[in-house]
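Working notes, beginning with the structure itself.
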Amino acid sequence: MKQLEVHIMQQSYMLGCPEGQEARLLAAVKHVDEAMSGIRDAGKIRGRERIAVLAALNVAFDLLDLQVQNSQLSQTADALQAQAAAQSAAMAEAQAQPAAGGQASLDWDEPRLQSVMQRLDAALAPAPAKAAETLGTSA
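Mapping of the sequence shown onto the numbering used here: position 53 corresponds to residue 36, and the numbering continues sequentially without gaps.
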């Protein structure tokens, strides 16, 4: 464990710090120093101990706010993941059934197709009276 000397409101403190965590500790010290100095500079509180308690309460309040936000974001992320999974499952199901859907549309179109074919046959076939005349004149 490494020992670091830090300053909070112009008072020196020796703190133990795990290897590799120096930057985090210094950031925390800076945060506490700014919080305590802000309370002191506001001029309403004079005792170092009272300033420390108010700064700790402010930091705890901010932490609780962040925990609530984190919980809400986590719930939103879970809901979005569930929605994405449901949509993915629906798309997979839709892709797995194209043949059945295609067959249904062909069955629906079949009467129309037969009707068109009958009209084409009627239009292309010679009328019965004309066919008889044609056969009679050629013979």
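Think of the CB as a built atom: it goes at the ideal place given N, C-alpha and C, for glycine as much as any other residue.
All figures in this text were calculated on a predicted structure; none of them were measured in a lab.
What are the start and end residues of the beta strand (DSSP E) that includes I192? Residue 192 falls outside the range modelled here, since the chain spans only -16 to 122, and no answer is possible.
Using beta-carbon positions only, say whether D23 and M(-8) come within less than 8 Å of one another. In the sequence on display, residue 23 carries Arg and not Asp. Yes. Within cutoff.
Whole angstroms are fine: how far does the CA of A25 sit from the CA of Q(-14)? 32 Å
Beta-carbon proximity check, A18 vs A38, cutoff 8 Å: Yes; because the gap between Cβ atoms is below 8 Å, this pair is in contact.
Nearest-angstrom Cα distance between A11 and S54? 23 Å
Candidates R31, A65, V51: which alpha carbon is nearest D16's? It is R31 whose Cα lies nearest to the Cα of D16.
Kindly indicate the opening and closing residues of the alpha helix (DSSP H) around Q55. Run containing Q55: 31 to 79, per the alpha helix (DSSP H) assignment.
Which residues does DSSP list as the beta-bridge partners of Q(-6)? I(-9)
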